[in-house]
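Visitor: Residue numbering for the sequence shown follows the UniProt record's numbering, starting at 1 and increasing by one per position. Below are the structure tokens for one structure; questions will follow.
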Amino acid sequence: MENAPHLRTVNVTRYLTPLREGGSLPALAEADDEFKYVLKFKGAGHGTKALIAELLGGEIARTLGLPVPELVFANLDEAFGRTEADEEIQDLLQFSQGLNLALHYLSGAINFDPVVTAVDAKTASQIVWLDAYITNVDRTFRNTNMLIWHKELWLIDHGASFYFHHSFSDPVGHAKSAFALIKDHVLLPQASLLEETDAEYKAILTPEKIRGIVNLIPDEWLQWEELEKSPEEIRDVYTTFLMTRLENSSIFVKQANDARKALI
Numbered sequence: 001m002e003n004a005p006h007l008r009t010v011n012v013t014r015y016l017t018p019l020r021e022g023g024s025l026p027a028l029a030e031a032d033d034e035f036k037y038v039l040k041f042k043g044a045g046h047g048t049k050a051l052i053a054e055l056l057g058g059e060i061a062r063t064l065g066l067p068v069p070e071l072v073f074a075n076l077d078e079a080f081g082r083t084e085a086d087e088e089i090q091d092l093l094q095f096s097q098g099l100n101l102a103l104h105y106l107s108g109a110i111n112f113d114p115v116v117t118a119v120d121a122k123t124a125s126q127i128v129w130l131d132a133y134i135t136n137v138d139r140t141f142r143n144t145n146m147l148i149w150h151k152e153l154w155l156i157d158h159g160a161s162f163y164f165h166h167s168f169s170d171p172v173g174h175a176k177s178a179f180a181l182i183k184d185h186v187l188l189p190q191a192s193l194l195e196e197t198d199a200e201y202k203a204i205l206t207p208e209k210i211r212g213i214v215n216l217i218p219d220e221w222l223q224w225e226e227l228e229k230s231p232e233e234i235r236d237v238y239t240t241f242l243m244t245r246l247e248n249s250s251i252f253v254k255q256a257n258d259a260r261k262a263l264i
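Here is the structure:
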């Protein structure tokens, strides 16, 4: 596929410190390219499904021109972590051998505070549209999952998106559903340009681009014991979900607009 998206692969060389804000125990780590990364482990919490959501959400955001840290595949060697003193972390590292996902560490970034930083209507509408599209439940006042870095707003943590995949039943039905939880979105009050954003983003997200992003998911993350589908069949389900949801975007745009009117 021409201009197919591509992620670099790095080898984790040093575990620096756990980042205990997240329930899945992400960590700050260093890789063989000498950069620092926020490392998300396939052996944690929701396993590879959280990594898939992080990968798809982050790369869709990037395709739409939104600022997200570089995502890389992060390889953990089987010997990694044997000297870790904390048993919980040692177990996590052992269960996460192979390919994990990492985000470039934005050194010096601070958490976004909606009271301190104003967000314009266009940016707010773009982020609300993205989160309604990927069914991201986690961009609220309680946990904004946005950072300010070099005076710019950056999006992080999309691992709670695509919640249909925890049951993997009726993806088309889920794709055509509204997204009621958008009412809790931290930027919803400012998102007054959702129709304009919808038209713009539907033009960008072509079927080829959606397939290219979904094809990034490694086979290693698609060995699901609870589902008798091949990795390619699972990718097809994600592609169908994303294309169907895009075709029916008026449903979640209306839900977001109605929720916004109720707020203001």
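A virtual CB, placed ideally from N, CA and C, is assigned to each residue, including glycine.
Buried or exposed: which applies to Met1, given that a residue is buried once 16 or more other Cβ atoms fall within 10 Å of its Cβ?
Guide: Confidence at Met1 is low in this model, with a pLDDT of 47, below 50, so its placement is unreliable and the value that follows should be read with caution. When all chains shown are included, Met1 counts as exposed.
Visitor: Beta strand (DSSP E) containing Pro18: first to last residue?
Guide: Its beta strand (DSSP E) spans residues Thr9 to Pro18.
Visitor: Reducing DSSP to helix, strand and coil, say where Val72 ends up.
Guide: Looking at Val72 - three-state DSSP - the assignment turns out to be strand.
Visitor: Would you list, in sequence order, the uninterrupted alpha helix (DSSP H) runs of no fewer than 4 residues that lie entirely inside the region 115 to 193?
Guide: 121 to 133 and 171 to 175, all fully within the region 115 to 193.
Visitor: Who pairs with Glu30 in a beta bridge, going by DSSP?
Guide: Glu30 is bridged to Arg14 and Lys36.
Visitor: What is the DSSP secondary structure of Ile213, counted as helix, strand or coil?
Guide: Residue state, collapsed to three classes: helix.
Visitor: Compute the distance between the beta-carbons of Asn111 and Thr9, then report whether it is under 8 Å.
Guide: Result no, Cβ atoms of Asn111 and Thr9 do not sit closer than 8 Å.
Visitor: Between the alpha carbons of Thr244 and Ile182, how many angstroms are there, rounded?
Guide: Roughly 19 Å between the two C-alpha positions.
Visitor: Could you work out which residue in Phe35, Leu64 and Glu54 is closest to Thr206 when comparing CA atoms only?
Guide: Per the Cα distances, Leu64.
Visitor: Using 10 angstroms around the beta-carbon of Leu56, count the other beta-carbons present and answer buried if the total reaches 16, otherwise exposed.
Guide: It counts as buried.
Visitor: Closer than 8 Å is the cut-off here; do at least three beta carbon pairs connect the region 24 to 44 with the region 93 to 107?
Guide: Counting Cβ pairs under 8 Å, three or more are found: they touch.
Visitor: Can you tell me which of the three DSSP states Ile52 falls into?
Guide: Of the three classes helix, strand and coil, the one that applies to Ile52 here is helix, per DSSP.
Visitor: Any idea if Thr147 is buried or exposed, counting beta-carbon neighbours within 10 angstroms, 16 or more meaning buried?
Guide: For clarity, residue 147 is Leu in the given sequence; the question names Thr instead. The residue in question, Leu147, is buried, as its Cβ has 16 or more Cβ neighbours within 10 Å.
Visitor: Does DSSP put Gly64 in a helix, in a strand, or in coil?
Guide: Note that residue 64 is Leu in the sequence shown, not Gly. Of the three classes helix, strand and coil, the one that applies to Leu64 here is coil, per DSSP.
Visitor: Give a yes or no on whether the C-beta atoms belonging to Ser169 and Ala121 are separated by under 8 Å.
Guide: It is not a contact, given that the beta carbons lie outside the stated cut-off.
Visitor: Relative to the C-alpha of Ala199, which residue among Ala160, Val253, Phe241 and Trp221 is closest?
Guide: When each option's Cα is compared against that of Ala199, the closest is Val253.
Visitor: So, Thr135 versus Ser161, is the Cβ gap smaller than 8 Å?
Guide: Yes, Cβ-Cβ distance for Thr135 and Ser161 is below 8 Å.
Visitor: For my contact list, Asn143 and Ile156 are in at a C-beta cut-off of 8 Å; report their separation, rounded to the angstrom.
Guide: So it is not a contact: roughly 11 Å between Cβ atoms.
Visitor: Could you check what DSSP says for Ala44 in three-state terms: helix, strand or coil?
Guide: DSSP places Ala44 in coil when its eight states are reduced to three.
Visitor: Excluding the 5 residues preceding and the 5 following Ala31 in the sequence, name in chain order all residues of the same chain whose CB lies nearer than 7 Å to its CB.
Guide: Correct list, in chain order: Val10, Asn11, Val12, Thr13, Tyr37 and Ala74.
Visitor: Residues in the same chain with beta-carbon distance under 8 Å from Arg235, minus the five sequence neighbours each way, listed in chain order, please.
Guide: Excluding residues within five positions, the ones whose Cβ falls inside 8 Å are Val214, Asn215, Ile217 and Leu222.
Visitor: Quick one: what's got a C-beta closer than 6 Å to Ala132's C-beta in the same chain, skipping five residues either side?
Guide: Phe179, Ile182, Phe252 and Ala256, listed in sequence order.
Visitor: At 4 residues or longer, and completely inside the region 210 to 257: list those alpha helix (DSSP H) runs for me, N to C.
Guide: Those alpha helix (DSSP H) runs which fall completely within the region 210 to 257 and span 4+ residues are 231 to 247.
Visitor: Gly173: buried (16+ other C-beta within 10 angstroms of its C-beta) or exposed?
Guide: By the 10 Å Cβ count, Gly173 comes out exposed.
Visitor: Under 6 Å Cβ to Cβ from His150, same chain only, skipping five residues before and after it: list those, please.
Guide: Nothing meets the Cβ criterion.
Visitor: In chain order, what residues of the same chain have a beta carbon less than 6 Å from the beta carbon of Arg62, not counting five sequence neighbours either side?
Guide: Cβ neighbours of Arg62 beyond the five flanking positions: Val68.
Visitor: Excluding the five sequence neighbours on either side, which residues of its own chain have a C-beta within less than 7 Å of the C-beta of Asp138, listed in chain order?
Guide: Excluding sequence neighbours, Asp138 sits near Asn145, Asp157 and Ala160.
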